[in-house]
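First residue of the sequence shown? That's 1 in my numbering, and the numbers climb one at a time after it. The beta carbon of each residue, even a glycine, is placed where N, CA and C say it ideally should be.
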Amino acid sequence: MAAELTAHQLIAQHRPTLDQALEAIRTRAYWSPHPEHPKAYGENGSLDAAAGKAAFDALLGSRLDLGQPGTDDWVGGETSPYGIELGVTYPHADVDTLLPAMRAGQRAWRDAGAEMRAVVCLEILKRISDRTHEFAHAVMHTSGQAFMMAFQAGGPHAQDRGLEAVTYAYVEQVRTPDNAEWTKPQGKRDPLALTKRFTPVPRGVALVIGCNTFPTWNGYPGLFASLATGNAVLVKPHPRAVLPLALTVQVAREVLAEAGFDPNLVALAAERAGEGIAKTLATRPEIRIIDYTGSTGFGDWLEANARQAQVYTEKAGVNTVLVDSTDNYKGMLSNLAFSLSLYSGQMCTTPQNLLIPRDGIRTEEGPRSYDEVVADLAKSVGGLLGDDARANGLLGAIVNPDVKARLEAAAGLGEVALASREIANPEFPDAVVRTPVIVKLDGTKPDDQAAFMNECFGPVSFAVAVDSTADAVALLRRTISSKGAMTVGAYTTSEEVEEAVQEACLEECAQLSLNLTGGVYVNQTAAFSDFHGSGGNPAANAALCDGAFVANRFRVVEVRREA
Numbered sequence: 001m002a003a004e005l006t007a008h009q010l011i012a013q014h015r016p017t018l019d020q021a022l023e024a025i026r027t028r029a030y031w032s033p034h035p036e037h038p039k040a041y042g043e044n045g046s047l048d049a050a051a052g053k054a055a056f057d058a059l060l061g062s063r064l065d066l067g068q069p070g071t072d073d074w075v076g077g078e079t080s081p082y083g084i085e086l087g088v089t090y091p092h093a094d095v096d097t098l099l100p101a102m103r104a105g106q107r108a109w110r111d112a113g114a115e116m117r118a119v120v121c122l123e124i125l126k127r128i129s130d131r132t133h134e135f136a137h138a139v140m141h142t143s144g145q146a147f148m149m150a151f152q153a154g155g156p157h158a159q160d161r162g163l164e165a166v167t168y169a170y171v172e173q174v175r176t177p178d179n180a181e182w183t184k185p186q187g188k189r190d191p192l193a194l195t196k197r198f199t200p201v202p203r204g205v206a207l208v209i210g211c212n213t214f215p216t217w218n219g220y221p222g223l224f225a226s227l228a229t230g231n232a233v234l235v236k237p238h239p240r241a242v243l244p245l246a247l248t249v250q251v252a253r254e255v256l257a258e259a260g261f262d263p264n265l266v267a268l269a270a271e272r273a274g275e276g277i278a279k280t281l282a283t284r285p286e287i288r289i290i291d292y293t294g295s296t297g298f299g300d301w302l303e304a305n306a307r308q309a310q311v312y313t314e315k316a317g318v319n320t321v322l323v324d325s326t327d328n329y330k331g332m333l334s335n336l337a338f339s340l341s342l343y344s345g346q347m348c349t350t351p352q353n354l355l356i357p358r359d360g361i362r363t364e365e366g367p368r369s370y371d372e373v374v375a376d377l378a379k380s381v382g383g384l385l386g387d388d389a390r391a392n393g394l395l396g397a398i399v400n401p402d403v404k405a406r407l408e409a410a411a412g413l414g415e416v417a418l419a420s421r422e423i424a425n426p427e428f429p430d431a432v433v434r435t436p437v438i439v440k441l442d443g444t445k446p447d448d449q450a451a452f453m454n455e456c457f458g459p460v461s462f463a464v465a466v467d468s469t470a471d472a473v474a475l476l477r478r479t480i481s482s483k484g485a486m487t488v489g490a491y492t493t494s495e496e497v498e499e500a501v502q503e504a505c506l507e508e509c510a511q512l513s514l515n516l517t518g519g520v521y522v523n524q525t526a527a528f529s530d531f532h533g534s535g536g537n538p539a540a541n542a543a544l545c546d547g548a549f550v551a552n553r554f555r556v557v558e559v560r561r562e563a
């Protein structure tokens, strides 16, 4: 079939966006081509709110036929955390048929060059962006995020992360010129002269293992980094969150075909209930790159056993906030309350441990004891979530029964400073909605240490009493080193304490936010400016997104001949 999208059309349309993205990662300034506000959609082919909802509703109970080779069954079974059955079925692949078909298109994709691959990826992202309202409902009803968060994090923020990965991939591939003329003087003899050609060559088939909570936000960086560097990409979604990534694969296949490439460069690997195909796929010789977000246990297994592949993991960490002093006590409490509540704490960046000196902290309102700080934080969270409608908009729904079980068990670990309460959602009566619990623990007691030194994923936070700020810094350092952290926060008015916390984070390689009291929160990162994770502590072996995240997805092969 003749290409409907020519190279000239794609470059003319998307090269300006790529150039802006290149400038954004250079300056680290704010920039995004994807609107955050729902009302920005509805023109130039994009779906408005009503059309997006109608498109999502039309998917319910349907068969999503992607036209993939090797389909041997149809599988599904997703239930929304809000209580509705999605009823969508997806192709189940015979990988012995699918994987060879995916590899067949790699030569043409490789030969297309870095710029062409980049603009094809940008066309995929543009079409996903046009369907942001539809994708938002898909993310909401697989992750349990409230709609506005699903819209923003699952839509424009995820698309930004995908574009960021394409941009870094382009930078790394064009670092080496396509051609070079090499001449070496030989004194009185004729010089040695060679013509050299350098080609970025993909590693092979990449595997993206999706997560339940942020299927697009966490899935897009690896997917687009691998695709932009010439690799075919097999997407294995989390069985509870297939729909957003299946729609992504559908769009990618359409664009690739229209641009004259093999659509099988991107394919879906949905699984039967209990099948557990991730281990089987991860160790196949065709799989040369793996991107994974999820539990530490499986991440460690991938790193140890998928020896044939370059493995990028984002695992679990114990995120910590050190509270020493503040000159904006109410702002600190408000900021922390929001951070603990957003999406019911079901973010890899949500703070878990709040390290507070048992003798209290200094504030602009005077000293506050440990008990007063904890009580005031509990009151701030309670006030934030006191109105049920507001609470539903912030909390979303508990994503799965394991999170609910951890939340309920946490109340037995120590003195409860803030009890979790159940909230009804009038629109979705079967949704499980719970406010956060805050438990007081002692940083010197072994039993308490056993509780707070492991991740308790969900709306659970521990107010850990420590003997001094110096002890808090030492505990922070030990936590990052042994358990990892995606985020670290600190509140202090002391230059000395700030320096000590900063040095701990620099040495242990953790991203630090200092004295946040306004509308930016420790559990949020902005594409093109912030790094998500560092790749330097046990929580993740890669950062989203930097040169290291993309550069090893391809190798440069040289062909030289005498001039």
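From the DSSP output, in three-state form, read off Gly-396 for me.
coil
Would Tyr-220 pass as a contact of Val-550 if the rule is Cβ separation under 8 Å?
no
For Trp-182, does the count of other Cβ atoms within 10 angstroms reach 16, so buried, or fall short, so exposed?
exposed
Since I believe Ser-513 is in contact with Gly-489 (beta carbons under 8 Å), could you give me their beta-carbon distance rounded to a whole number of angstroms?
5 Å
Whole angstroms is fine: what's the gap from Ser-295's alpha carbon to Asp-371's?
33 Å
So is Pro-446 buried or exposed if we call it buried at 16+ other beta carbons inside 10 Å?
Answer is exposed; the Cβ neighbour count stays below 16.
Taking its Cβ as the centre, do 16 or more other Cβ atoms sit within 10 Å of Pro-629, making it buried, or is it exposed?
No information on residue 629 is available, as it lies outside the stretch 1 to 563 that the chain covers here.
Contact the stretch 433 to 452 vs the stretch 489 to 503: 3+ CB pairs below 8 Å
no
Local conformation of Leu-322 per DSSP, three classes
strand
Considering just the uninterrupted stretch of the alpha helix (DSSP H) at Pro-128, what are its terminal residues?
According to the sequence shown, residue 128 is Ile rather than Pro. Taken as a continuous stretch (DSSP letters only), the alpha helix (DSSP H) holding Ile-128 covers 114 to 130.
Among His-14, Met-148, Pro-426, Glu-422, nearest to Leu-122 - alpha-carbon criterion
His-14
Closest to Gln-9 by C-alpha separation, out of Asn-328, Met-116, Val-374, would be which residue?
That would be Met-116, whose Cα lies nearest to the Cα of Gln-9.
Are three or more beta carbon pairs between the stretch 222 to 237 and the stretch 144 to 160 nearer than 8 Å?
As far as the Cβ criterion goes, the stretch 222 to 237 does not touch the stretch 144 to 160, which means the pair count is below three.
What residue ranges within the stretch 303 to 350 form continuous beta strand (DSSP E) runs of no fewer than 3 residues, ordered along the chain?
310 to 314, 320 to 323
Since I believe Val-399 is in contact with Asn-353 (beta carbons under 8 Å), could you give me their beta-carbon distance rounded to a whole number of angstroms?
Not really, about 22 Å apart at Cβ, beyond 8 Å.
Going by beta carbon distance, what residues of the same chain come within less than 6 Å of Arg-406, once the five residues before and after it are set aside?
Contacts found: Cys-456, Gly-458.
Return the CA-CA distance between Gly-345 and Gly-210, expressed in angstroms with no decimal places.
19 Å
If you draw a straight line from the C-alpha of Val-557 to the C-alpha of Tyr-170, how long is it?
17 Å
Pick out whichever of Ala-180, Asn-212, Leu-163, Pro-185 has its Cα sitting closest to the Cα of Leu-243.
When each option's Cα is compared against that of Leu-243, the closest is Asn-212.
What are the complete beta strand (DSSP E) segments, minimum 3 residues, inside the stretch 216 to 281?
List check, beta strand (DSSP E) in window: 232 to 236, 266 to 268.
Of all Cβ atoms in chain D, is any one closer than 8 Å to the Cβ of Pro-263?
The structure shown contains no chain D; it holds only a single protein chain.
Straight-line CA distance for Ala-58 to Gly-536?
So the alpha carbons of these two residues sit roughly 44 Å apart.
Taking only runs that begin and end inside the stretch 448 to 492, name each unbroken alpha helix (DSSP H) of 4 or more residues, in chain order.
469 to 483
Roughly how many angstroms separate the alpha carbons of Ala-108 and Glu-164, rounded to a whole number?
24 Å
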